[in-house]
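First up is the structure itself, then whatever we jot down about it.
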Amino acid sequence: MTGRIHSFESFGTVDGPGIRFVVFVQGCPMRCLYCHNPDTWGAGGKSFSAEEVAQTALKYKSYFTGGGGVTVSGGEPLLQAEFVTELFKILKSHGVHTALDTSGILFDAREPHKFDELLSVTDLVLLDIKHIDGAEHKKLTAHSNENVLAFAKYLSDTGKPIWIRHVLVPGITDNDDYLKALAEFISTLKTVEKVEVLPYHNMGEVKYEKLGLDYPLKGVEPSTKERVQNAKKILGSKK
Ligand code: SF4
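The structure is reproduced here in structure tokens:
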């Protein structure tokens with residue numbers, strides 16, 4: 004089984020616990036206005052077998068300290084669920100901690116068991132909730148948040164550890180009412196171990212230029228420290 008890979012990061016420290024080997028897969032159905040990896044959206048990337056990716060990651064196993072391991076991020080990993088399942092199975096057979104960094108957009112409450120095999124070899128889900136408000140989520144990502152929230156509930160109901168991630172964007176998600184609504188939703192979940200507030204930054208702008216795309220958030224300044232603190236307080240963030 005081969006997967007389409009955008010890139011690898013050998014010593015990731017921001018995508019899950021400890022030091023991690025991060026696999027960025029190619030392809031994403033979302034179109035987040037603040038996406039800093041627009042080069043992962045479409046076709047492309049390089050083809051690797053699950054075994055090849057696992058062997059590359061395992062070279063770094065001795066560095067996986069502090070609860071570290073391997074994270075598959077993107078792009079959207081659930082687009083290549085079969086490949087990620089095979090990769091995680093190999094990694095689990097070597098005792099490596101596995102984390103899935105996903106928007107959850109491909110979950111479908113009518114077929115809740117579609118990703119069960121993958122989840123059975125996933126130790127932690129890093130779930131990006133882009134916006135708690137349905138209409139605003141659609142404006143921000145081009146998709147409704149229905150599947151995302153249903154996935155969060157499914158993970159909670161099935162006992163899967165979750166870290167919630169939320170990008171704070173001035174004028175879009177940085178609004179106390181939305182943050183309180185998100186906190187309220189998170190409080191209904193039983194398996195959330197951590198809530199991370201990720202301050203918006205515009206470092207992806209240069210990639211849009213290179214790809215000949217207009218940067219949708221031109222002129223939006225990164226969040227202030229005060230607003231980040233405010234969001235962390237409302238969301239009960241530990242980071
Ligand atoms: S889900 Fe991630 S990779 Fe996809 S568009 Fe949004 S930020 Fe970019």
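Each number in the working numbering corresponds to the 1-based position in the sequence shown with 3 added.
We put the beta carbon where it would ideally sit given N, CA and C, even for glycine.
Going by the CB atoms, is the gap between residue j and residue i shorter than 8 Å?
i, j, result
"residue 140", "residue 148", "yes"
"residue 218", "residue 208", "yes"
"residue 121", "residue 87", "yes"
"residue 183", "residue 237", "yes"
"residue 79", "residue 101", "no"
"residue 234", "residue 158", "no"
"residue 103", "residue 57", "no"
"residue 134", "residue 176", "yes"
"residue 173", "residue 226", "yes"
"residue 84", "residue 51", "no"
"residue 132", "residue 167", "yes"
"residue 66", "residue 220", "no"
"residue 153", "residue 112", "yes"
"residue 126", "residue 181", "no"
"residue 20", "residue 71", "yes"
"residue 124", "residue 142", "no"
"residue 129", "residue 107", "no"
Does DSSP put residue i in a helix, in a strand, or in coil?
i, result
"residue 19", "coil"
"residue 242", "In this prediction, residue 242 has a pLDDT of 48, which is less than 50 and means its spatial position is unreliable; what the coordinates show is noted afterwards. DSSP places residue 242 in coil when its eight states are reduced to three."
"residue 7", "strand"
"residue 224", "coil"
"residue 235", "helix"
"residue 79", "coil"
"residue 64", "helix"
What residues in its chain sit with their C-beta under 8 Å from that of residue i, if we drop five residues either side in the sequence?
i, result
"residue 46", "7, 29 and 30"
"residue 77", "9, 27, 28, 29, 30, 31, 40, 43, 104 and 105"
"residue 194", "158, 159, 162, 163, 164 and 165"
"residue 145", "33 and 34"
"residue 156", "191 and 192"
"residue 5", "50, 51, 52, 53 and 86"
"residue 206", "39"
"residue 15", "22, 23, 24, 25 and 74"
"residue 116", "none"
"residue 214", "41 and 42"
"residue 210", "39, 40, 41 and 42"
"residue 186", "237, 238 and 239"
For residue i, collect the residues of the same chain with a Cβ closer than 6 Å to its Cβ; drop the 5 residues on either side in sequence, then sort them by chain order.
i, result
"residue 49", "8"
"residue 60", "24 and 73"
"residue 109", "81"
"residue 18", "25, 74, 76 and 104"
"residue 69", "21"
Check whether the Cβ of residue i lies closer than 7 Å to any heavy atom of the ligand SAH, and answer yes or no.
i, result
"residue 10", "Here the bound small molecules are the ligand SF4; the ligand SAH is not part of this structure."
With a threshold of 7 Å on Cβ separation, who are the neighbours of residue i within its own chain once the five nearest residues in sequence on each side are excluded?
i, result
"residue 202", "171, 225, 226 and 231"
"residue 63", "13 and 24"
Quiz item: Which residue spans inside the region 83 to 140 form an unbroken alpha helix (DSSP H) run of at least 4?
Solution: As far as the region 83 to 140 is concerned, its whole alpha helix (DSSP H) runs of at least 4 residues are 84 to 96 and 119 to 123.
Quiz item: Which runs of the beta strand (DSSP E) spanning at least 3 residues fall entirely within the region 149 to 212, listed in chain order?
Solution: Those beta strand (DSSP E) runs which fall completely within the region 149 to 212 and span 3+ residues are 165 to 171 and 195 to 202.
Quiz prompt | Ordered list of beta strand (DSSP E) runs contained in the region 27 to 53, each at least 3 residues | solution = 49 to 52
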